[in-house]
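Going letter by letter, the sequence shown gives residues 145 to 482 in our numbering. Glycine residues also receive a C-beta, built at the ideal position from the N, C-alpha and C atoms. Nothing here was measured: the structure is a model prediction, and the numbers come from that model.
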Amino acid sequence: MNILVAGGAGYIGSHTCVELLNAGHEVICVDNLLNSKYEAIRRVELITGKKVKFYRIDLTNYEESKIVFEENHIDGIIHFAGLKCVPESISVPLKYYQNNIDSTFTLVRLMKEYNVRNLVFSSSATVYGNPLKLPITEDDPIGNTTNPYGTTKYFIEKILMDICKVDNTLNVAILRYFNPVGAHPSGLIGEDPNGIPNNLVPYVTQVAIGKRPYLKVTGNDYDTIDGTGVRDYIHICDLAYGHVLALNKLVTNCGLVIYNLGTGKGNSVMEVVRAFDKIVGHEIPYKVVERRVGDIATCYADPTKAYKELGFKAKYSIEDMAKDAWNWQQKNPNGYEE
Ligand code: NAD
Ligand code: UFG
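Spelled out as structure tokens, the structure:
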């Protein structure tokens, strides 16, 4: 199939492009490179030996985005394009609402005009807020979000649900990711955060390589195995492959479907740090600091529905995630460096 990958130069998008090309799909990538570099696309081509058709376009711009639909026959869209920094979304909420929601409007409008029926949307476990029960299933309540970034995901889910109610020719897969980490085993593509990383794993690898003195463990007084936060870390390649499976589901004319993409297993911050200690060969220095505002104690998925309906099962362990994240960090100490 011809798949438009919106936001395909980013972390999850680039790994998904690899899985799509390996599965025999054609990839048309649209990205404004706001939070990514073209080099990621070049490396996707290096890994797969296949070409990616690339457009540098801002998806909030309808007229420019239309060109992509004029020039290509598109069978399906995977929509990664969005801003994702939680603290930034708290300081500049309008930027988040505008970018994340407008880019979605453009895509669904063009889908209608060009008769594209299949859409995969990148949602997040953040839509569950502080979960009422664990593990989290897809029918658990959503919307009690703790920041504007999470609220954009919730709003977009609602928009997609509403349009599917009135158009039964549309097939939409909402994928709620848990915590994607790691990198492609080649070390050619990986996560390349701007400035100081917000997320645990890129911070740990930057400490390990000596770019930062120590990890700040944000709270060790949670009601968890060792007091530190517990999350469902999923290897980026497992997550990326989940999108190929979601597309297979969409072409069965399934209408709207929602899946958690996680492993079903929670690991604490200190368990992650210990996995890195082993892979790196020395102890990662850390200090315990205050909790981060809005953080929850524990979050992990029930991945049963994705397994039963998509055949999705994560195969990589936390050690694999640490190994591949460290390999990427060592081979690319300054990211893509264009
Ligand atoms: P990323 O920032 O690496 O990738 C997003 C890409 O979208 C970037 O390349 C960026 O330049 C592009 N983009 C943003 N706005 C755009 C616009 N208006 N027009 C065109 N391109 C635009 O982020 P990621 O980690 O790869 O995340 C991909 C998606 O998955 C995002 O929607 C994110 O919210 C969601 N998600 C990520 C995580 C995570 O932990 N990484 C977890 C849950 C959900
Ligand atoms: N943590 C630290 N030190 C750090 C960074 C994080 O101890 O420097 C801890 C956090 O307190 C938390 C755990 O590590 O317990 C994971 O934190 P991350 O920032 O890596 O991930 P979050 O679970 O907070 O959030 C991520 C994405 C969100 C997404 C969510 C669910 O940042 O966008 O996963 O998919 F919504």
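Which residues DSSP lists as bridging residue i, in chain order
| i | result |
| --- | --- |
| lysine 197 | Ile172 |
| valine 264 | Ile222 and Ala317 |
| tyrosine 377 | Asn323 |
| tyrosine 430 | Leu359 |
| alanine 445 | Ile280 |
| valine 252 | Beta-bridge pairing links valine 252 to no other residue. |
| asparagine 146 | Glu170 |
| isoleucine 402 | Ile318 |
CA nearest to the CA of residue i, picked from the options
| i | options | result |
| --- | --- | --- |
| threonine 442 | Tyr358, Asn411, Thr248 and Thr290 | Asn411 |
| lysine 117 | Asn259, Asn166, Thr204 and His426 | Outside the modelled stretch of the chain, which goes from 145 to 482, sits residue 117, for which no answer is possible. |
| glutamate 463 | Glu415, Glu481, Lys475 and Pro477 | Glu415 |
| asparagine 291 | Ser268, Leu278 and Val395 | Ser268 |
| lysine 393 | Val236, Gly220, Ile286 and Asp284 | Gly220 |
| valine 230 | Gly334, Glu257 and Val271 | Val271 |
| glutamate 215 | Leu148, Thr448, Ile303 and Tyr480 | Leu148 |
| cysteine 398 | Val174, Tyr347 and Val264 | Val264 |
| aspartate 175 | Pro324, Gly152 and Thr250 | Gly152 |
| lysine 475 | Gly334, Ile369, Val437 and Ala445 | Gly334 |
| isoleucine 307 | Asn274, Tyr293, Arg261 and Asn166 | Arg261 |
| methionine 465 | Asn288, Tyr293 and Val417 | Val417 |
| asparagine 166 | Ile234, Asn274 and His387 | His387 |
| glutamate 453 | Tyr377, Gly193, Gly425 and Leu391 | Leu391 |
| asparagine 259 | Ser235, Ile423, His217 and Ala150 | His217 |
| histidine 223 | Ile234, Lys360, Thr248 and Cys161 | Thr248 |
| leucine 383 | Gly406, Val361 and Asp376 | Gly406 |
| arginine 375 | Leu177, Ile280, Lys210 and Ile185 | Ile280 |
| isoleucine 440 | Pro275, Ala458 and Ile303 | Pro275 |
| lysine 467 | Cys173, Gly425, Gly438 and Val162 | Gly425 |
| asparagine 478 | Arg356, Ala458 and Ala150 | Arg356 |
| isoleucine 191 | Val413, Cys161 and Ile234 | Cys161 |
Supposed close pair residue i, residue j - CB separation, criterion 8 Å
| i | j | result |
| --- | --- | --- |
| isoleucine 300 | valine 351 | Going by Cβ atoms, the distance from isoleucine 300 to valine 351 rounds to 34 Å, so no, they are not a contact pair. |
| tyrosine 451 | histidine 379 | Contact doesn't hold; Cβ gap of about 16 Å is too wide. |
| methionine 255 | leucine 400 | 14 Å between Cβ atoms; not a contact. |
| lysine 431 | tyrosine 385 | That belief does not hold up - the Cβ atoms of lysine 431 and tyrosine 385 are roughly 37 Å apart, past 8 Å. |
| alanine 469 | glycine 326 | 5 Å |
| lysine 409 | tyrosine 366 | About 17 Å; that fails the 8 Å criterion. |
Cβ neighbours of residue i in the same chain (closer than 6 Å, five flanking residues each side left out)
| i | result |
| --- | --- |
| asparagine 471 | Gly331 |
| glutamine 473 | Thr349 and Ile353 |
| glycine 363 | Arg435 |
| proline 346 | Glu335 and Pro337 |
| asparagine 288 | Gly273 |
Rounded straight-line distance, which links the Cα of residue j to that of residue i
| i | j | result |
| --- | --- | --- |
| lysine 297 | valine 316 | 15 Å |
| glycine 371 | threonine 396 | 45 Å |
| arginine 320 | serine 266 | 7 Å |
| valine 212 | isoleucine 201 | 9 Å |
| valine 310 | leucine 389 | 25 Å |
| methionine 145 | glutamate 208 | 23 Å |
| tyrosine 206 | phenylalanine 420 | 44 Å |
| leucine 278 | aspartate 446 | 8 Å |
| threonine 368 | valine 252 | 41 Å |
| glutamate 481 | threonine 313 | 43 Å |
| tyrosine 199 | glycine 168 | 21 Å |
| asparagine 342 | tyrosine 293 | 14 Å |
| threonine 250 | glutamate 257 | 11 Å |
| asparagine 323 | leucine 344 | 10 Å |
| histidine 328 | tyrosine 377 | 15 Å |
| isoleucine 303 | lysine 422 | 45 Å |
| lysine 181 | lysine 210 | 23 Å |
| glycine 455 | glutamate 163 | 16 Å |
| isoleucine 234 | serine 158 | 27 Å |
| lysine 360 | glutamate 170 | 42 Å |
Residue i beta carbon near the ligand GTP (any heavy atom closer than 7 Å)
| i | result |
| --- | --- |
| glycine 479 | For the structure depicted, the ligand GTP is absent and the ligand set comprises only the ligand NAD and the ligand UFG. |
Neighbourhood of residue i by C-beta, 8 Å cutoff - its chain only, sequence neighbours within 5 removed
| i | result |
| --- | --- |
| asparagine 525 | Residue 525 falls outside the range modelled here, since the chain spans only 145 to 482, and no answer is possible. |
| isoleucine 156 | Phe224, Ser266, Tyr321, Pro324, Ile380, Leu383 and Ala384 |
Beta-carbon proximity list for residue i, same chain, < 7 Å, skipping 5 on both sides
| i | result |
| --- | --- |
| glutamate 282 | Ile402, Tyr403, Asn404 and Lys449 |
| asparagine 244 | Gly226, Leu227, Thr296 and Ile300 |
| glutamate 189 | Lys195 and Val196 |
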